[in-house]
Structures are given as C-alpha cells and as structure tokens.
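So the mapping is simple: my numbering equals the position in the sequence shown, first residue as 1, plus 29.
Each residue gets a CB set at the ideal place from its N, CA and C atoms; glycine is no exception.
Data block below; observations after.
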Amino acid sequence: MTTANHRRTAILKAAAAAFLMLLPALFCREVKAIPASKTGFYFDTVVTVSIQEAPDPEGLAESCFDLMNELEHLLSRTLKGSDVWRINHAGGESVTVSSRTADLLRFGLSWAGQTDGALDITIAPVSSLWDFTSGQNNVPKADDLEKALAHVDYRNVTVEGNTVTLADPEAMIDLGAVAKGYAADALRSLLEEGGCRSALVNLGGNVLTVGSKSDGSAWNIGIRKPFGEPEEVIAVVPAADQCVITSGSYERCFTADGKLYHHILDPKTGISADSGLNSVTILSASGAAGDALSTACFVMGLEDGMALIESLPGIEALFVTTDNELFPSSGWPGSPM
Ligand code: ADP
Ligand code: MG
C-alpha cells in the first residue's frame, strides 16, 4: 500500500472510530452540536479534536494541532533533526534536548524500570527492523534480530537535566509507546488553559476526555472488538477528565506463515509479544501513564499485568484475551457489551 493509501485508510478508520465513540451518545439522543471538530495526521495516526465548550473553539483546535506538530518534531524517531533523531545519530555523544523530551525520556525510563523492561524505550534497533504498514509483510531474520537486541537496554540511557547520553553508541530511542499519551496530557493542559470545559480528543484510538459532556454526564468511550469491524465495540467505559488508552495486536499487524505479527514487541525476543492477549485498555488521569502501561501490560500478559495495575491507585484496566474474553481490574467502571 502506498503512504497516501495508508493515510487514506487511516483517516477512514479514524472517522469510523470517532463515530464509534459517539455511538452510545447518539443512541441516547444526547449529542449536541459540536462547536469545533478538526482532524489532522500526526505521529503516524489520525488525530481528531472535538471541542464542545470553550471561549474560542476554532482557535483552540488550531492550537492543539500546532502543539501536536511541535511534539512530533521533538519526539519522532524518523523525522530528521527531531530530538530523538539527534540522540539516535549522535554515536554516543551527549545531546541537549528540549525539556519536554527530557521529561518524557525520564518518564519512559521510570516505567521501564517498574515493568522490568517490558516497556523499553530503547527498542528502536529492533522496531526499525519491522514494518507493519507497507504491506510487505517481511519477518526480520533471526540473526538481525539477535544483533539488534544486543543494543536494547533502557539502562544505557542517562538523562541529566536536558542532556541525554547513550552509553552504547549503537543504542537508539523509540518513544512510540508513550508519545501519544504524553501528547494527550500536553493537549489537556493547553485546552484547560484555553478555558475549555468539555472536549474529546482521539489520537488513533487513544482517547482524551476534558471535563464531561455538555450535559454534565461522563463520556461513553467504546473499546474496539479486536479483529472485529472498526465500528464493533466489545465494551463501553464512562470517562470524564480521564484517558482511555488501548494497545492492541489488531492495530498494525500482518500474518506470515500462519502466524500473527504485530507492533507490540517483546524486548526479550524482538518479536511481537505473544502473551495471550488481543488488547489492553487503560483508564487513567495521566495519558502518558496509560500509554506506558497499555504497552507494558500487553507484553507482561494478564497475570503480571493485572498484578501491576492492582498495585497502582487510580489506574484501571481491561484486558482482552486472544479468545476475546474480558478481564477488568477491580475498580473498572465499564460494562461489557
Ligand atoms: P499504539 O502506537 O498503537 O498506540 P503502543 O502504545 O502499544 O501502540 O505503542 C507501540 C509502539 O511502541 C510500536 O509501534 C513501537 O514503536 C513501540 N514499541 C513496541 N513494543 C515496545 C516495547 N515493548 N517497549 C517500548 N516501545 C515499544
Ligand atoms: Mg502505549
């Protein structure tokens, strides 16, 4: 598939997902006119900002996209000259980055430690060997994976102030697992500072809610049925001032020799995590934590992932196993369909 086709497919999928999120509300005849709803393409994904209540919804939606553009130019692994690109091409020399990048790196390293490396932001040597979007469906050679894995270890990264150093000159950073959640938190701050009292932002299936709906009730966020039609929902969760963030094996994947390969990689093997799960959804106030945990819990599997979630106050999760069975954490407020 060409990049243009891929983007078009992504935009169609996002439009379907945005519609999906509003479905429960539509059924309840609660939807009001949306003062500003805009869609753009950032972080390789479709971003839709729907502002319900704000003094200048149009201007605020524009500022949201300016911010996304700015963050993408700091955090992207592939955009030449981004902070992450500069770290990855410095051959082990120290690099000065923006305080946003330094903060997110520290955050990613902290979750890497807490998940015993299930989340590893130095996955780039391995993740860059995979291509889940072009339609080529190539599985990297075992030799190449092994060589790349030797350079995956989050303990190689030092962040002091705004200075980043990689102890292994061949190590490389990939913030793909946390960037969208971090962006959601930055968008929340921007929206709140702009006087927004009610908004829904969809970053490629990761949802940020600001405030509640105009009528004061929580948003109802649909969680996709793995491998179902884009509009098929497996659960609905109410959310207000929270993020609903999903990592799923159905999102960027291909099948080769009868085996499913997808974009959530096990840093121990370099191959797609095969932990008995189709998806993990995290409900949390922090988007960055939700993003880190959705990826980490997917890699960790139901038992270890659930134990981690239960140890974290204010964070809930819904695990969906490979036979689409639902396992909610003890405080999960949603109901299965
Ligand atoms: P999505 O981007 O679909 O929301 P995730 O948040 O789960 O999904 O992030 C997946 C991305 O993170 C991959 O595309 C890759 O760039 C990176 N990644 C994959 N596996 C890991 C991992 N175990 N630790 C850290 N980053 C990962
Ligand atoms: Mg993630």
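Where residue i falls: helix, strand or coil (DSSP)
i	result
Ile202	coil
Asn307	strand
Lys288	strand
Pro296	coil
Ser359	coil
Asn185	helix
Leu232	strand
Arg281	coil
Cys272	strand
Ile150	coil
Leu237	strand
Trp159	coil
Glu261	coil
Closer than 8 angstroms: residue i CB and nearest the ligand MG heavy atom
i	result
Thr324	yes
Thr320	First, the amino acid is wrong: residue 320 is Asp here, not Thr. Yes, since a heavy atom of the ligand MG falls inside the 8 angstroms radius drawn around the Cβ of Asp320.
Ser276	yes
Val207	yes
Gly137	no
Gly251	no
Gly210	yes
Residue burial classification, residue i (beta-carbon count within 10 angstroms, cutoff 16)
i	result
Pro84	exposed
Arg135	exposed
Pro357	buried
Gln165	exposed
Glu258	exposed
Limits of the alpha helix (DSSP H) - the one that residue i falls within
i	result
Tyr71	Counting along the chain, Tyr71 falls outside any alpha helix (DSSP H), though it belongs to the beta strand (DSSP E) covering Ala65 to Tyr71.
Ser156	Ala153 to Ser156
Ser218	Ala208 to Glu222
Residue i - containing beta strand (DSSP E), residue span
i	result
Gly316	Counting along the chain, Gly316 falls outside any beta strand (DSSP E), though it belongs to the alpha helix (DSSP H) covering Gly316 to Met329.
Thr130	Careful: Thr130 lies outside any beta strand (DSSP E), inside the alpha helix (DSSP H) at Ser128 to Gln143.
Gly88	It is not in any beta strand (DSSP E) - Gly88 instead sits in the alpha helix (DSSP H) that spans Pro86 to Leu104.
Val193	Thr192 to Leu195
The ligand ADP heavy atom lying under 8 angstroms from the CB of residue i
i	result
His180	no
Arg281	yes
Asn235	yes
Asp85	no
Residue i vs residue j beta-carbon contact at 9 angstroms
i	j	result
Ala90	Ala131	no
Ala206	Thr324	yes
Gly316	Arg217	yes
Ile202	Arg106	yes
Val230	Ser79	yes
Pro296	Ala147	yes
Val155	Leu133	no
Gly299	Ala177	yes
Ser308	Gly277	yes
Gly224	Ile274	no
Gly305	Leu331	yes
Ala346	Ile311	yes
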